[in-house]
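Peer 1:
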Amino acid sequence: MFFGLFGKKNGNAAIVARQYEILTEAARQPALYQAFNVPDTVMGRFEMLSAVLILYFRRTRSSARAGQEIAQEIIDAFFEDVDHSIRELGVGDVSVPKRMKKFAGMFYGRLESYAAALDGGDRAALAEALRRNIYPKAGEAAPAMAALAAYLFEAERVLASRGEDAVEAGQLLLPPAAAMDTTGQTE
């Protein structure tokens, strides 16, 4: 894992690395790409990691200081990974800051739209926001995202039920996407 190469000099490094790995694995669940219409591409993976991180941040916003510090370090790790990925794709050093600014804007825009839908309990709005972000050029031809929206609502519910001990230990787990069918119902 890229993040581990930089070994942050604080007591949270192992916790942050463990939690970031858990979140990354949650965003890479095959069911998200096979059953929920997310394209298995660089951008599709960015979209899913963004969605998973948004759920994580929503859970930790009410955490104690330690949980909020871990969350901030996880966002730092995420943007370090984005930077590394951009460079691996061959983007020159001069263009990286512009691309990073674009990705940061994309992430925070998603945070705003997904949070509004989640706060309002509006699955249709979340599905539409996911559809618009995951398939920005497909228009009406984009596949439905109702099942993915249902999974994200369920994942948020599960994360909310997890105790602070899981946050502080870097063990906050999302439910498996494979446990949901494509209509958004738990099997």
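Residue numbers (the numbering used here): 94 to 280. Ideal Cβ placement from N, Cα and C applies to all residues, glycine included.
(1) Under the three-state reduction of DSSP, which class applies to residue 66: helix, strand or coil?
(2) In whole angstroms, what is the alpha-carbon distance linking residue 266 and residue 239?
(3) Is residue 134 helix, strand or coil when you go by DSSP?
(4) Roughly how many angstroms lie between the CA atoms of residue 226 and residue 146, to the nearest whole one?
(5) Taking 8 Å as the threshold, find out whether the region 118 to 130 comes into contact with the region 201 to 218 through three or more Cβ pairs.
(6) Report yes if the C-beta distance between residue 206 and residue 220 is below 8 Å; otherwise report no.
(7) Keeping to the same chain, check which residues put their C-beta closer than 6 Å to that of residue 159; ignore five residues upstream and five downstream.
Peer 2: On the basis of the coordinates in this document:
(1) With the chain running from 94 to 280 in the structure shown, residue 66 is simply not present.
(2) The sequence position of residue 266 within the sequence shown is 173, counting from 1. The sequence position of residue 239 within the sequence shown is 146, counting from 1. Straight-line measurement puts the Cα of residue 239 at about 22 Å from the Cα of residue 266.
(3) Against the sequence shown, residue 134 aligns to sequence position 41. Reduced to three states, the DSSP call for residue 134 is coil.
(4) In the sequence shown, the residue the question calls residue 226 occupies position 133. In the sequence shown, the residue the question calls residue 146 occupies position 53. Rounded to the nearest angstrom, the two C-alpha atoms are 15 Å apart.
(5) no
(6) The residue given as residue 206 occupies position 113 in the sequence shown. The residue given as residue 220 occupies position 127 in the sequence shown. Residue 220 sits away from residue 206, with the two beta carbons spaced by 8 Å or more.
(7) Translated into the one-based positions of the sequence shown, residue 159 becomes position 66. 261, listed in sequence order.
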